[in-house]
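All remarks here apply to the structure that follows.
In my numbering, the protein residues as written are -15 to 140.
Okay, structure coming up:
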């Protein structure tokens, strides 16, 4: 299949999801070796989960399908440019490529504007709209020290 055909499938998921009211108008699928291994639409309102974006849900399903937390040989197709949260998940999952149909400006015009999150990322934690406070505890690095000492860890 060509990239356009996979994107059309993602768009169809988004349109179908919009009409059913399960979540927002977003769809995503993950392809490996030219075969769809996972597909999902946005499930935020249905699952009452603000992280249940189509891309995140597709990543979760693909990881379960492949039995791995990395998707290095996979391609994500999304009906829209991934938001900052999904972008982070894409990098953590180590997807090979991403193709999207609409961009963030199209999403903003439809009242899905993530520009404030992009702006917040650039600010120091204490300057963000939701203040984030760093408390320097004497044992704060203990989890990382424990991890560093672990001999049977699985790096990711």
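All residues carry an ideal CB built from backbone N, CA and C; glycine is no exception.
Apart from the five residues just before and just after residue i, which ones in its own chain have a Cβ nearer than 6 Å to its Cβ?
| i | result |
| --- | --- |
| residue 39 | 12, 62, 66 and 70 |
| residue 9 | -2 and 2 |
So which of the options has the shortest CA-CA distance to residue i?
| i | options | result |
| --- | --- | --- |
| residue 79 | 16, -12 and -7 | 16 |
| residue 30 | 51, 20, 4 and 120 | 4 |
| residue 88 | 64, 72, 110 and 55 | 64 |
| residue 60 | -10, 91 and 136 | -10 |
| residue 57 | 86, 18 and 122 | 18 |
| residue 72 | -12, 130, 102 and -7 | 102 |
| residue 76 | 120, 140 and 82 | 140 |
| residue -13 | 107, 51 and 82 | 82 |
| residue -4 | 74, 126, 135 and 85 | 85 |
How should residue i be labelled, buried or exposed, when 16 other C-beta atoms within 10 angstroms of its C-beta is the threshold for buried?
| i | result |
| --- | --- |
| residue 53 | exposed |
| residue 128 | exposed |
| residue 7 | buried |
| residue 24 | buried |
| residue 55 | buried |
| residue 74 | buried |
What did DSSP end up calling residue i once you bin it into helix, strand or coil?
| i | result |
| --- | --- |
| residue 124 | coil |
| residue 137 | coil |
| residue -5 | helix |
| residue 73 | helix |
| residue 85 | strand |
| residue 59 | strand |
Between residue i and the rest of its own chain, which residues show a CB-CB distance below 8 Å, the 5 nearest in sequence each way excluded?
| i | result |
| --- | --- |
| residue 33 | 27 |
| residue 98 | 67, 68, 88, 91 and 92 |
| residue 144 | This structure gives no information on residue 144, because the portion of the chain shown stretches from -15 to 140. |
| residue 36 | 7, 26, 27, 28 and 30 |
| residue 137 | 131 |
I'd like the span of the beta strand (DSSP E) that includes residue i, first residue to last.
| i | result |
| --- | --- |
| residue 51 | Note, residue 51: premise wrong, no beta strand (DSSP E); not H, not E. |
| residue 23 | 19 to 25 |
| residue 11 | 11 to 16 |
Who are the Cβ neighbours of residue i in its own chain at under 7 Å, not counting the five residues just before and after it?
| i | result |
| --- | --- |
| residue 22 | 13, 14, 42, 45, 46 and 49 |
| residue 113 | 104 |
Taking the alpha helix (DSSP H) that residue i falls in, what are its first and last residues?
| i | result |
| --- | --- |
| residue 105 | 99 to 105 |
| residue 30 | 28 to 31 |
Can you find a heavy atom of the ligand GTP that lies under 7 Å from the Cβ of residue i?
| i | result |
| --- | --- |
| residue 26 | The ligand GTP is not part of this structure, which contains no ligands at all. |
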